[in-house]
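The next block holds one structure in the form of structure tokens; read it before the comments.
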Amino acid sequence: MKPFAYGKPATTAEAVLAVAAEPSAMFLAGGTNLVDHLKLGVARPDRLVDVTGLMSTEIRDDEGGLVIGAGVRNSDLAADQRVREQYPVLAEALLSGASPQLRNMATVGGNPLQRTRCVYFQDVTTPCNKRSPGSGCSALGGYTRHHAILGASDQCVATHPSDMAVAMAMLDARVHVIGPSGERTLPFTDLHRLPGEHPERDTVLEHGELITDITLPATAWSRRSAYRKVRDRASYAFALVSVAVGLSISDGVIEEIRIAFGGVAHKPWRAERAEQVLRGARPSDESFRAAADAELADATALDGLDGGNAFKIPLAARTLTAVLRDLTAEERDR
Amino acid sequence: MRPGETETRPETAGAVRTIALRVDGTAHRLTVDSRRTLLDLLREQIGDYSAKKGCDHGQCGACTVLLDGRRVLSCLTLALSCDGTEVTTAAGLAKDGELHALQQSFVDHDGFQCGYCTPGQICSAAGLLTEFGDGAPSHVTKPVADTPQWTDEEISERMSGNLCRCGAYAGIVAAVREAGEQR
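As given, the protein sequences belong to chains E and L, one line each in that order.
Residues 1 to 334 in my numbering are what the first sequence lists, from first letter to last.
Residues 1001 to 1183 in my numbering are what the second sequence lists, from first letter to last.
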């Protein structure tokens, strides 16, 4: 591990200044991803600025919604009774991620900023445009089981690993950030970016910007919501495909609906085309299939040493259909 | 690197600081390199070999300890961030020469073969009992808003962060179930 300086500032303003002043300085929160990257040589900061103990650990009601401090641990957010009742999709997504030990460490501010688990990104002996821009992509023609089917570029086919982020993108969450040039708020769906020509940039955050809170809106459709994750073992594994859905029904038709996919793209994939097909539609297997087809029309499979990832396209369609069936069981049986 | 600075610093030039923490009830004051993990601090500086180094990358759970009462992975915890904390290892769960209920039930149910993962399994189980007692849900709690039930399915899911290559899982589930029922 490369030597680095370590500091624990007293205020968020000091923490922001300390990182902003040094190009390779990084914030340290739960450390579940960053400390591993220090060991692997993927991250080589000259300074770590420890923000645990500095960020809010409060979950508070605000105009019927919830404001979640960046220092809240994943396990505490999943256990919050308001989250379990009003945003079950979020509790389910959190509980499907990692292990109890890791959820006790990981924070709400750090979780969306974890990096891809693409094996080539984590192996510093292989070329990777995300780790070393311009060096090439080892995943193309390599092992692609966990790689993208939507929104990828010829530079990078990595997927975002966070389950929580998929639920946040579906829930219309908003992210509050403090940085060297002040504070700003952005929709969670705008936080992450597609790889394009710059796969090394996972998010739109500038160097030194720090997530302080994430806000969830109060809605009816978040109460009827669910998260389903398909993976290679029953627990403690990243998603091949995951689906987050929230909806409301009025007079037998879908009134409001939000859908997001995980494991399929460089960012949590908000499925607006599928939402558009289903808004105002009667819940049925036919309308569910039409929605999945609309969303996945541009999906592209990768060839690979492991047989490629074409299986993920029907898997995503069927997982979406299964969640929609579960959430509308009452109306469809009538 | 700052402008004008060249990479000439030796590999030992990490930041060094002094921290204070308690491990299994004993106070320690130690000078620590910024690169030191809590796991290596325990094993190499304190000489406490209870927590085991398995994968060293957060994937196996053998290094699980209780940090201020909550189960965490000591291999992914930087030692400097533990200033002022209370660490409990599996060895520290025994009191006055008496085995902790979990330690006794692991013996009674053959919850180990080679035993290497056992200290992590026991710390993890201790964390599990607290979390379950607090009503915290798991991935198998359905619906997620309900109070979790004390079932083998819940125990297995909650122990899934600890891998045992011998496959002693059946004994481990029985041991955790019995210790939980004694509480």
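Yeah, the Cβ is synthetic: ideal placement off N, Cα and C, and Gly gets one too.
No experiment lies behind these values; they were computed from the predicted model shown.
Residue i burial status per 10 Å Cβ neighbour count (16 or more: buried)
i                  : result
Val1032 of chain L : buried
Cys1055 of chain L : exposed
Arg184 of chain E  : exposed
Trp1150 of chain L : exposed
Lys229 of chain E  : buried
Gly151 of chain E  : buried
Lys1142 of chain L : exposed
Glu330 of chain E  : exposed
Tyr1049 of chain L : exposed
Gly97 of chain E   : buried
Asp326 of chain E  : exposed
Pro195 of chain E  : buried
Val51 of chain E   : buried
Leu1066 of chain L : buried
Ser1034 of chain L : buried
Lys1095 of chain L : exposed
Glu1098 of chain L : exposed
Ser1124 of chain L : buried
Contact with chain L by residue i, beta-carbon distance below 8 Å
i                 : result
Pro9 of chain E   : no
Tyr120 of chain E : no
Pro180 of chain E : no
Ser222 of chain E : no
Met1 of chain E   : yes
Ala78 of chain E  : yes
Phe4 of chain E   : yes
Val35 of chain E  : yes
Tyr236 of chain E : yes
Gly69 of chain E  : no
Gly31 of chain E  : yes
Residue i vs residue j beta-carbon contact at 8 Å
i                  : j                  : result
Ser250 of chain E  : Tyr227 of chain E  : no
Ala1051 of chain L : Cys1063 of chain L : yes
Val108 of chain E  : Met170 of chain E  : no
Gly308 of chain E  : Leu302 of chain E  : yes
Arg131 of chain E  : Val42 of chain E   : yes
Arg84 of chain E   : Val1144 of chain L : yes
Leu210 of chain E  : Ala10 of chain E   : no
Pro1148 of chain L : Pro1137 of chain L : yes
Leu941 of chain L  : Asp163 of chain E  : No answer is possible for residue 941 of chain L: the residues shown for chain L start at 1001 and end at 1183.
Thr321 of chain E  : Ala292 of chain E  : yes
Thr215 of chain E  : Gly65 of chain E   : yes
Ala283 of chain E  : Ile254 of chain E  : Note that residue 283 of chain E corresponds to Pro in the displayed sequence, not to Ala. Yes; because the gap between Cβ atoms is below 8 Å, this pair is in contact.
Asp202 of chain E  : Arg115 of chain E  : yes
Asp213 of chain E  : Ile68 of chain E   : yes
Ile149 of chain E  : Lys312 of chain E  : yes
Cys1060 of chain L : Leu1163 of chain L : yes
Cys137 of chain E  : Val119 of chain E  : no
Which residues DSSP lists as bridging residue i, in chain order
i                  : result
Met26 of chain E   : E:Leu48
Gly141 of chain E  : DSSP, once it has assigned bridges, lists no residue as partnering Gly141 of chain E.
Ser248 of chain E  : E:Glu256
Trp269 of chain E  : E:Phe261
Glu1086 of chain L : L:Arg1022
Asp163 of chain E  : DSSP, once it has assigned bridges, lists no residue as partnering Asp163 of chain E.
Pro187 of chain E  : E:Arg174
Gly179 of chain E  : E:Gly182
Residue i at chain E interface by Cβ criterion, 8 Å
i                  : result
Pro1148 of chain L : no
Cys1157 of chain L : Checking the sequence shown, residue 1157 of chain L turns out to be Glu, not Cys. Answer yes: the Cβ-Cβ gap between Glu1157 of chain L and chain E drops below 8 Å somewhere.
Ser1050 of chain L : no
Arg1183 of chain L : no
Tyr1169 of chain L : no
Gly1004 of chain L : With a pLDDT of 41 at Gly1004 of chain L, under the threshold of 50, the modelled position of that residue is not reliable, and the figure given next carries that caveat. So no, Gly1004 of chain L is outside the interface.
Met1001 of chain L : Low per-residue confidence applies at Met1001 of chain L: pLDDT is 41, beneath 50, and the placement is therefore not dependable, though the value from the model is reported in the following sentence. Closer than 8 Å to some Cβ of chain E, the Cβ of Met1001 of chain L qualifies, so yes.
Ser1105 of chain L : no
Ala1136 of chain L : yes
Val1176 of chain L : no
Val1144 of chain L : yes
His1109 of chain L : no
Thr1008 of chain L : Residue confidence for Thr1008 of chain L is low, a pLDDT of 39 falling below 50, so the modelled location carries little weight and cannot support an answer.
Gly1161 of chain L : yes
His1139 of chain L : yes
Gly1133 of chain L : no
Glu1011 of chain L : With a pLDDT of only 36 at Glu1011 of chain L, under the threshold of 50, the placement of this residue in the model should not be trusted; the figure read from the coordinates follows. It does; some Cβ of chain E falls within 8 Å.
Gly1180 of chain L : no
Distance cut-off 7 Å: residue i Cβ against heavy atoms of the ligand PLP
i                 : result
Arg289 of chain E : In the structure shown, the ligand PLP is absent, as is every other ligand, since no ligand is present at all.
Can you pull out the residues from the stretch 80 to 113 of chain E whose beta carbon lies closer than 8 Å to at least one beta carbon of chain L?
Gln81, Arg84, Glu85, Pro88, Ala91, Glu92, Leu95, Ser96, Ala98, Ser99, Pro100, Gln101, Leu102, Asn104, Met105
- prompt: Along the stretch 1111 to 1131 of chain L, what residues have a CB closer than 8 Å to any CB found in chain E?
  reply: Ser1124, Gly1127, Leu1128, Glu1131
request  = Quick one: which residues of the stretch 1061 to 1083 of chain L get their C-beta closer than 7 Å to a C-beta of chain E? List them in chain order.
outcome  = Gly1061, Thr1064, Arg1070, Arg1071, Val1072, Leu1073, Leu1076, Thr1077, Leu1078, Leu1080, Ser1081
Closer than 9 Å, Cβ to any Cβ of chain E: which residues of the stretch 1028 to 1043 of chain L, in chain order?
Asp1033, Ser1034, Arg1035, Thr1037
Q.
Output needed in chain order: residues of the stretch 48 to 66 of chain E with a Cβ under 9 Å from some Cβ in chain L.
A. Leu48, Asp50, Thr52, Gly53
Of all the residues that make up the stretch 308 to 321 of chain E, which are near chain L by a beta-carbon distance shorter than 9 Å? none
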